[in-house]
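Here is the structure we will look at.
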């Protein structure tokens, strides 16, 4: 048995070098959420004050879980299913759950890359297609829907998504999105065609290019008028927000999902390492770089949003100045944006009725700064609107969408690896079938499933998957991971594993987090999340030109059948955990009593720890 296992370990592929491995892990952890989710949370939760719960969650939840996954994958040198089956057959369902979640997240995540490709292709046009409204069908004026909203909103909701008024109206497949989706999956397949050999080459570009683009944007953004306003708005701390429990919940979930733990991808990547690699240093490095990237990305993002707000504010004031100069016959050279407040106060004191009759707009810079968004709204609406006002807008749009594609592609590597490695480790596919064909079949199945996201209602389904697939299931998986390693494999055995790999045992901080703090935080976050979601029926924003408050989005409750699907998306991925455990217990119940020791090969009742050491090549 030991000989066979050692032979399999020797045949397992390895990274060409340490840089490839680190770049792959960093690319998987650093994704789109670092660019469009973290800055948004900083904005709505008191700017710099949000960093306090965020850093606490990083130290006591994120890093310990990241270290645990990298260590256990490297020591046992298997994918997620193999690792947990090796620890105990009862935990085999944990690996299956990770594989299901990775697949479900991958199918909607690559849809976002399809949208990015669509915008990238259109970024070469001059002027940018979202810079002005198209003419109507009669060529008598501009499109009404576009005029009621904005060119940016129209290009996103109508030209890109051709979105339906609600999720119940499915609409038809949008052929341009189908082509972009197929292209995105072809790129993923090409990068995976040779396994970690081709991934290792691709990450040299996908994991580093975003930092180059962010740096270019940083230099350019800081020179834009209004950039300072955006940065002040972002990082000015509001300490009162720390009294809101939602802040702490969002900080914990953000760092958890940002590090991409519980997907199985990090376990798979670390399994290709040398057994003597310092996984502790890797975990700290990847975790710190991930969080630093979130902060680094926030600076150019909000500098540009500050420029957008400043531009909108100046345009608003100019409209009011034009109205005042026409009404009071004042030279427009006398009233400027800088002295507008003084003139307005003076005229409002001397001629209040005339000023009131003009119905002037309320121009407030903070109001324009508040008009930001997270997720797809930030990338495809807010940011594109800001870019079109910048000189050389085509260049900045091209760079921005290349950056987003690189970020998303490197994250897709981890999602697909979390599916392919368990398939290979379980030997579900006959040896005569080449791995390239297996990868192609997985990508083809994922592409076919993702066609639902290219329907007119596809954007609504992306939001459903984004909000619920990567929430409760990942928290549950992570809880079973940490309890399985620490309390089934045992903290003593795991400490010996780390000593074997790094030359030193984990210190008291890591042990305390693994045994108490991290599992407790996971339980608290999970319970709080479920309670908050259970208190209200979930709603979603719709784009409906017939809505009386259009162009505002209309909030609608999810229909009961969609709510049932949401529940299934939260429950079905983790169903294998109890099912596999129950199946193994039933099998052992009908066997000899000694066979029950197989449920925990690290206990004194069955396979002795010395046998474990021998089979793993340890003295």
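Numbering (the numbering used here), first residue to last: 31 to 649.
Backbone N, C-alpha and C fix where the C-beta goes; we use that ideal spot for every residue, glycine too.
Being a predicted model, the structure only gives us computed values, none of them experimental.
Bridge partners - residue i, DSSP secondary structure assignment
i	result
residue 570	586
residue 385	DSSP lists no partner for residue 385.
residue 131	Paired residue(s): none; residue 131 is not in a bridge.
residue 601	Note: residue 601 sits in no beta bridge, so no partner.
residue 165	172
Buried or exposed by the 16-neighbour rule on C-beta atoms within 10 Å, applied to residue i
i	result
residue 277	buried
residue 616	exposed
residue 123	buried
residue 46	exposed
residue 609	exposed
residue 306	exposed
residue 284	buried
residue 219	buried
residue 49	exposed
residue 590	exposed
residue 5	Here the chain covers residues 31 to 649 and nothing more, so residue 5 does not appear.
residue 42	exposed
residue 400	exposed
residue 204	buried
residue 328	buried
residue 167	exposed
residue 171	exposed
residue 441	buried
residue 389	exposed
residue 619	exposed
residue 409	buried
residue 378	exposed
residue 461	exposed
residue 578	exposed
residue 158	buried
residue 537	exposed
residue 77	buried
residue 475	exposed
residue 338	buried
residue 501	buried
residue 569	exposed
Residue of the options minimising C-alpha distance to residue i
i	options	result
residue 438	89, 46, 136 and 68	136
residue 51	186, 301 and 111	301
residue 127	97, 149, 506 and 572	506
residue 86	543, 603 and 599	543
residue 72	325, 602 and 197	325
residue 518	60, 545, 337 and 247	545
residue 178	580, 605, 584 and 602	580
residue 112	176, 559, 451 and 571	451
residue 223	561, 388, 473 and 250	473
residue 535	88, 101, 56 and 148	101
residue 256	336, 146, 397 and 226	336
residue 75	187, 227, 614 and 275	275
residue 322	383, 560 and 64	64
residue 145	259, 554, 62 and 279	62
residue 541	567, 241 and 310	310
residue 466	487, 554 and 221	221
residue 228	44, 602, 488 and 490	44
residue 251	423, 511 and 273	423
residue 613	364, 57, 120 and 488	120
Cβ-Cβ separation, residue j to residue i (assumed contact under 8 Å), whole Å
i	j	result
residue 108	residue 116	6 Å
residue 499	residue 599	5 Å
residue 503	residue 131	5 Å
residue 549	residue 513	6 Å
residue 354	residue 360	7 Å
residue 292	residue 511	7 Å
Proximity test, Cβ basis, 8 Å: residue i and chain D
i	result
residue 232	Of the chains in the structure shown, none is chain D; there is only one protein chain.
Open item on the list: Does the region 262-281 come into contact with the region 79-91, if we say contact requires no fewer than three beta-carbon pairs (one atom in each stretch) closer than 8 Å?
Closed with: At 8 Å Cβ cutoff, the stretches touch.
Task: the region 522-535 in contact with the region 477-495 per 3-pair CB rule at 8 Å - done: Result no; under three Cβ-Cβ pairs closer than 8 Å.
Open item on the list: Taking contact to mean 3 or more Cβ pairs, one atom from each stretch, closer than 8 Å, check whether the region 148-163 and the region 447-458 are in contact.
Closed with: No: the two stretches stay apart, fewer than three of their Cβ pairs being nearer than 8 Å.
Open item on the list: Under 8 Å: do the region 92-107 and the region 316-336 share three or more Cβ pairs, one atom per stretch?
Closed with: A contact exists between the region 92-107 and the region 316-336.
Open item on the list: Would the region 97-112 count as touching the region 289-299 if we require 3 or more Cβ pairs under 8 Å?
Closed with: With a cut-off of 8 Å on Cβ pairs, the region 97-112 is in contact with the region 289-299, counting three or more such pairs.
Task: Cβ contact check for the region 581-601 and the region 494-501: 3 or more pairs under 8 Å - done: A contact exists between the region 581-601 and the region 494-501.
Open item on the list: Is it the case that the region 426-441 contacts the region 223-239, given that we only count it when at least three CB pairs across the two stretches are under 8 Å?
Closed with: In short, these stretches touch, since the Cβ pair count reaches three.
- [ ] Inspect the CB distances between the region 405-424 and the region 382-393 and report whether three or more fall short of 8 Å.
- [x] Result no; under three Cβ-Cβ pairs closer than 8 Å.
Open item on the list: Whether or not the region 365-375 and the region 285-293 are in contact is what I'm after, with contact meaning three or more pairs of Cβ atoms, one per stretch, closer than 8 Å; do they touch?
Closed with: They do not touch, by the three-pair rule.
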